[in-house]
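Residue numbers (the working numbering): 58 to 127.
Note that beta-carbon positions come from the ideal geometry of N, C-alpha and C, so glycine has one too.
Here is the structure we will look at.
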């Protein structure tokens, strides 16, 4: 497939690498968050950022929610 500008000349494509998201700092942050969430679960509590996640993942409608097609 030719990428041509309006005047018919070839368009220059610049490939830019994605930034490294697998840094050790990011990895540690995620592990720490997971450890905290698991500690809370063992204590029978839910992390605030996970609140409601199970209901959404299980497709449980919120109380009073109406189907879209009504």
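Legend entry - Sequence-distant residues of the same chain with beta carbon closer than 6 Å to residue 85, five excluded per side: Only residues of its own chain outside the window of five on either side were considered, and among them none has a CB closer than 6 Å to the CB of residue 85.
Inset, instruction - Report the rounded CA-to-CA distance for residue 94 versus residue 76, giving the unit in angstroms. - result: 28 Å
Legend entry - Spatially closest choice to residue 109 from 120, 83, 99, by CA coordinates: 120
Legend entry - residue 119 (DSSP reduced to helix, strand or coil): It is coil, neither helix nor strand.
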